[in-house]
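Worksheet for the structure shown next.
Protein chains: 2
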Amino acid sequence: MALDDRKLDVLRAIVEDYVSTQEPVGSKALVERHQLGVSPATVRNDMAVLEEEGYIRQPHTSAGRVPTDRGYRLFVDRLSTVKPLSPAERRAIERFLVGAVDLDDVVHRTVRLLAQLTRQVAVVQYPSLARSSVRHLELVPISTTRLMVVMIANTGRVEQRLVELPAPLDESQVTTLRRLTNEKLCGCKLSDTPPLVQSLVEESAPELRAATVALSTVLLETLVERHEERVALAGTANLTRGGLLDFSGSLRPILEALEEEVILLKLIGEVEPITRVRIGDENEIDNLRSASIVSTGYGPGVTVVGGLGVLGPTRMDYPGTIATVRAVARYVGELLAQN
Amino acid sequence: MALDDRKLDVLRAIVEDYVSTQEPVGSKALVERHQLGVSPATVRNDMAVLEEEGYIRQPHTSAGRVPTDRGYRLFVDRLSTVKPLSPAERRAIERFLVGAVDLDDVVHRTVRLLAQLTRQVAVVQYPSLARSSVRHLELVPISTTRLMVVMIANTGRVEQRLVELPAPLDESQVTTLRRLTNEKLCGCKLSDTPPLVQSLVEESAPELRAATVALSTVLLETLVERHEERVALAGTANLTRGGLLDFSGSLRPILEALEEEVILLKLIGEVEPITRVRIGDENEIDNLRSASIVSTGYGPGVTVVGGLGVLGPTRMDYPGTIATVRAVARYVGELLAQN
DNA sequence: GACTGGCACTCGCTACAGTCGAGTGCCAGG
DNA sequence: CCTGGCACTCGACTGTAGCGAGTGCCAGTC
Chain A
1 MALDDRKLDV LRAIVEDYVS TQEPVGSKAL VERHQLGVSP ATVRNDMAVL EEEGYIRQPH
61 TSAGRVPTDR GYRLFVDRLS TVKPLSPAER RAIERFLVGA VDLDDVVHRT VRLLAQLTRQ
121 VAVVQYPSLA RSSVRHLELV PISTTRLMVV MIANTGRVEQ RLVELPAPLD ESQVTTLRRL
181 TNEKLCGCKL SDTPPLVQSL VEESAPELRA ATVALSTVLL ETLVERHEER VALAGTANLT
241 RGGLLDFSGS LRPILEALEE EVILLKLIGE VEPITRVRIG DENEIDNLRS ASIVSTGYGP
301 GVTVVGGLGV LGPTRMDYPG TIATVRAVAR YVGELLAQN
Chain B
1001 MALDDRKLDV LRAIVEDYVS TQEPVGSKAL VERHQLGVSP ATVRNDMAVL EEEGYIRQPH
1061 TSAGRVPTDR GYRLFVDRLS TVKPLSPAER RAIERFLVGA VDLDDVVHRT VRLLAQLTRQ
1121 VAVVQYPSLA RSSVRHLELV PISTTRLMVV MIANTGRVEQ RLVELPAPLD ESQVTTLRRL
1181 TNEKLCGCKL SDTPPLVQSL VEESAPELRA ATVALSTVLL ETLVERHEER VALAGTANLT
1241 RGGLLDFSGS LRPILEALEE EVILLKLIGE VEPITRVRIG DENEIDNLRS ASIVSTGYGP
1301 GVTVVGGLGV LGPTRMDYPG TIATVRAVAR YVGELLAQN
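What follows is the structure in structure tokens.
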């Protein structure tokens, strides 16, 4: 059955009212607050249809209606327009992000900003190593048999690992190894490095062979294989807004999920610059079936190097949240492009 | 008024029962579960005294007694003995901490371990830069006018900052600068560096002067002045155990406090290897007046390079928690000593 | 055919009264 | 100083009743 325009209007009104009041909305209140031009009885009939189609439901008889996940989905897809940011918000974003001194700082400021603006839980992924390329590899002798390798990526990320050498290296040997490694890997995408690292070993001089092997093992293992992804989190206190009415009673499953980096990455790790909205049950993670997630990719220019997003109750202000998430992602992208 | 031994026994019994049952404990239940050798009536008299002295209180008439913060304090100071760890716990600690590949890894594993063992919120401070000394300073040219300075500390911490150079430097100049900087600062405690950095500028050759100034500014600002302390957090989901009975209803203030690094550092940033217990109101931070914190310093050998601890309801198993926190701190210290 | 006003019905919420029982404080006696 | 006994308090729980928001349905109107 197709829903005519008025029924969609009714759905939109229900979503908007419920989001702002947090209470089931009835037919009478609806016609009072919105110019629907019809009587409560008519609205009731429309509501009955909407309920039958699964867009709204009654918590119990003699209560108003509440949108279902499906209702929110329809609302997000077809009934809402992106809300432009207020000048105050724009200013907040700019003020927050200028003056960041390094990548850590950028990410921390961003995640706090996002949590503050949306009043929800914010998650920001550090630029993915898999989407970074090598800017420089530095080898720092810690002792004669220990080398610290520091990789600086074009995205600003810096990773370091300790390499245990099978035999001591002298200063000039380290210098040679450093030069060779950089010649081979600089400017190269991390995901493309494995064959190059391999050839590095093969082409190495006999006296450097053992050290090169040790180095290449560490490089491959830590930087490529177990992709070192990192995320930052903020705003968990916002989960307690709405006094436990959201999230069906218990915060526990939500907090548990938020502790798992793997889960966070699944939520906001994006490949495309598209904004995704996952509503309640659409979510793959069981613990988050009562939450919605708005996420998007970010990066300098059109490329995407990481994801960011927010998590909140299904009953959230989708248009506002989507607008904020996008805006923050855009600003962060610009910031990264400057470096 | 001095409390005789039996009154102390009664207090101990009340604390133990309340901690395990989470319910106000009455005189009858007390004599049943503990061998006090006296009748409920006698216990009641003792309770009346304990209440008068402020060690216990009644949530309401006709309810049992509950320890006050002061009661817990007395319990911790004089009535409890440190509970030895179970073999299972010992094994868990060892299993958890072997195989850590770098400092980040150590800290993350530690904080999760601590949260899991105590079933509370765990906080671990990274080794403080203020208590670290410089192992190596590396200068990595990013472009002709940009230098990345990477500082490797003896505690395993690695910090990097970007330095904008006023004028381009060539390769050999960078090498010279690197050598000079390392000669001056290597092995030196970070807190002692300011005068040395200053002299570095003064002694620098004219053509390196400008670059040295830029470098020293960054060094002083980021590594010394705004002490770059970091902390890791885990186990927030444990706050929801005991179904909001703990923490006087709302998790909000707790979660808010846990989001502030500054606050976390205040809580667990320790100078001495002593184990501190802050109970409820003893806490300086208003948001945490309904929580208790057990914290201790850790470090290789007897020196302390950072703090770690847990936060839970005032109604917590102090002997067990204290034992676990200490044990974990000791293991982490050993781990750090190996590097 | 679509909309409207009216009406009976449902059911959660609140208030209130009554009961129960855990736990106490006090006191007289050993 | 300890104990048993007793009266008392007060929160927790139960059952009942009234209220009111909100619904579904139906007959009537445009």
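Chains as they are written, first to last, in this note's numbering: chain A, 1 to 339; chain B, 1001 to 1339. For every residue, glycine included, the Cβ atom is placed at its ideal position computed from N, Cα and C. Being a predicted model, the structure only gives us computed values, none of them experimental.
Find out if the Cβ-Cβ distance for the pair residue i, residue j is shorter than 8 Å.
i           : j           : result
Thr-275(A)  : Arg-230(A)  : no
Ser-133(A)  : Ala-153(A)  : yes
Leu-1169(B) : Thr-1181(B) : no
Leu-1097(B) : Thr-1118(B) : no
Leu-1219(B) : Val-1197(B) : yes
Leu-1114(B) : Val-1328(B) : yes
Arg-1289(B) : Tyr-1018(B) : no
Val-1121(B) : Leu-1258(B) : yes
Leu-1165(B) : Met-1151(B) : no
Leu-255(A)  : Ala-1291(B) : no
Tyr-1072(B) : Ile-1322(B) : no
Arg-1006(B) : Asp-1046(B) : yes
Leu-103(A)  : Gly-187(A)  : no
Val-1015(B) : Pro-1084(B) : no
Ala-1130(B) : Ser-1039(B) : no
Val-1174(B) : Leu-1215(B) : no
Phe-1212(B) : Leu-251(A)  : Residue identity check: residue 1212(B) is Thr in the sequence provided, not Phe. For Thr-1212(B) and Leu-251(A), no; Cβs fall outside 8 Å.
Leu-1079(B) : Leu-1008(B) : yes
Pro-1313(B) : Asn-1287(B) : no
Val-123(A)  : Leu-267(A)  : yes
Leu-208(A)  : Leu-185(A)  : no
Can you tell me whether residue i is buried or exposed, with buried defined as 16 or more other CB within 10 angstroms of its CB?
i           : result
Val-302(A)  : exposed
Gly-1269(B) : buried
Asp-4(A)    : exposed
Arg-1091(B) : exposed
Glu-159(A)  : buried
Ser-1204(B) : buried
Thr-81(A)   : exposed
Gly-242(A)  : exposed
Gly-1054(B) : exposed
Asp-69(A)   : buried
Arg-135(A)  : buried
Val-1101(B) : exposed
Asp-1246(B) : buried
Gly-1099(B) : exposed
Find the nearest neighbour of residue i within the set the options, judged by alpha-carbon distance.
i           : options                                            : result
Arg-65(A)   : Asp-77(A), Arg-78(A), Val-76(A), Val-49(A)         : Val-49(A)
Pro-273(A)  : Val-140(A), Glu-203(A), Gly-307(A), Phe-75(A)      : Gly-307(A)
Gly-1349(B) : Gln-1198(B), Ser-1086(B), Pro-1166(B)              : A query on residue 1349(B) cannot be resolved here, the shown segment of chain B reaching from 1001 to 1339 and no further.
Ala-1088(B) : Val-1025(B), Gln-1116(B), Asp-1077(B)              : Gln-1116(B)
Met-1148(B) : Leu-1162(B), Arg-1135(B), Thr-1155(B), Arg-1157(B) : Leu-1162(B)
Val-332(A)  : Gly-297(A), Val-310(A), Pro-313(A)                 : Gly-297(A)
Glu-1334(B) : Val-1304(B), Leu-1311(B), Pro-1313(B)              : Val-1304(B)
Ser-128(A)  : Ser-295(A), Leu-223(A), Ile-263(A), Pro-253(A)     : Leu-223(A)
Ile-56(A)   : Lys-28(A), Ala-13(A), Ser-20(A), Leu-36(A)         : Ala-13(A)
Glu-1261(B) : His-1060(B), Val-1271(B), Glu-1228(B), Asn-1283(B) : Glu-1228(B)
Gly-1309(B) : Gly-1235(B), Ala-1167(B), Leu-1011(B), Gln-1022(B) : Gly-1235(B)
Thr-61(A)   : Glu-282(A), Gly-26(A), Ala-41(A), Gln-338(A)       : Gly-26(A)
In chain B, which residues lie with their C-beta within 9 Å of the C-beta of residue i?
i          : result
Ile-152(A) : Val-1140, Ile-1142, Met-1148, Val-1150, Gln-1160
Thr-222(A) : Val-1101, Asp-1102
Could you name the residues of chain B that residue i contacts, counting a contact when the two beta carbons are closer than 7 Å?
i          : result
Glu-256(A) : Ala-1237
Using a C-beta to C-beta distance shorter than 8 Å, which residues of chain A count as neighbours of residue i?
i           : result
Thr-1240(B) : Ser-250, Leu-251, Arg-252, Leu-255
Phe-1135(B) : Per the sequence shown, the amino acid found at residue 1135(B) is Arg instead of Phe. Those within 8 Å of Arg-1135(B) in chain A are Ile-142.
Based on the DSSP output, what are the partners of residue i in its beta bridges?
i           : result
His-136(A)  : Ile-152(A)
Ala-1234(B) : Ala-1122(B)
Glu-1164(B) : Arg-1146(B)
Gly-1297(B) : Gly-1307(B)
Pro-1141(B) : Leu-1147(B)
Ser-292(A)  : Ile-279(A), Gly-312(A)
Glu-159(A)  : Met-151(A)
Arg-1065(B) : Val-1025(B)
Arg-1057(B) : Val-1066(B)
Lys-1189(B) : Ser-1133(B)
List, in order along the chain, the chain B residues whose C-beta lies closer than 8 Å to that of residue i?
i          : result
Glu-259(A) : Ala-1234, Gly-1235, Thr-1236, Ala-1237
Closer than 7 Å by beta-carbon distance: list the chain A residues that pair up with residue i, in chain order.
i           : result
Arg-1178(B) : Correct list: empty, because the minimum Cβ distance to chain A is about 10 Å.
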